[in-house]
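Note that the sequence shown ends on residue 135 in numbering that gives the first Met the number 0; no numbers are left out.
C-beta atoms are modelled at their ideal positions from N, C-alpha and C, and glycine is treated no differently.
None of the values given here were measured: they were computed from a predicted structure.
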Amino acid sequence: MGLGPPTYDHNHAPACARWPAERPSRFEGSYRAAGSAPILVLGTTGDPDTPYRDAVALAGTLDNGRLLTFAAEGHTAYNRSACVSALATDYLATLALPARGTVCADEAPPGALGRSTAAGLGAGVDETRDVIPTLR
């Protein structure tokens, strides 16, 4: 269990927690990041892997933190929302933070896999090639 690849439900975590090696790099100081540049924290309200409440807590702990909320289901926010992607990209380029309390909620619903969703393309179009890469 601890030697295989990580799984979505973190079955590998118990093995790592009991690993007998020293942890000399474990950070035990303040998590405030005092004196840092502005820090953007992205939080997705329905994220099954990184709970939204943790993003709220982190943004509140950081001296210069700002929470950007993505009101959606699923893990991660960047590239799933035009709103989140634009604000996060702007932050990365300029360190400009979005206004406090900004919520993005423009996630596009997923289309049916393996079917054409574009008008006029016909039944020969297979969307799975964009979801499941193939070796060429």
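Query	Result
Do you know how far the Cα of cysteine 82 is from the Cα of leucine 57?	21 Å
Below 8 Å CB to CB, which residues in the same chain sit around leucine 61 once its five sequence neighbours on both sides are set aside?	Tyr30, Arg31, Ala32, Ser35, Ile38, Val40
Just verifying my parser: in three-state terms, what is the DSSP assignment at threonine 75?	coil
Please return the same chain residues whose Cβ sits closer than 6 Å to the Cβ of glutamate 72, not counting the five positions on each side in sequence.	Gly45
Is the distance from the Cβ of histidine 74 to the Cβ of proline 97 below 9 Å?	no
Taking DSSP as the reference, what is the three-state secondary structure of arginine 52?	helix
Return the first residue and the last residue of the beta strand (DSSP E) that leucine 86 is part of.	Where leucine 86 is concerned, there is no enclosing beta strand (DSSP E), although the alpha helix (DSSP H) it sits in stretches over 81 to 93.
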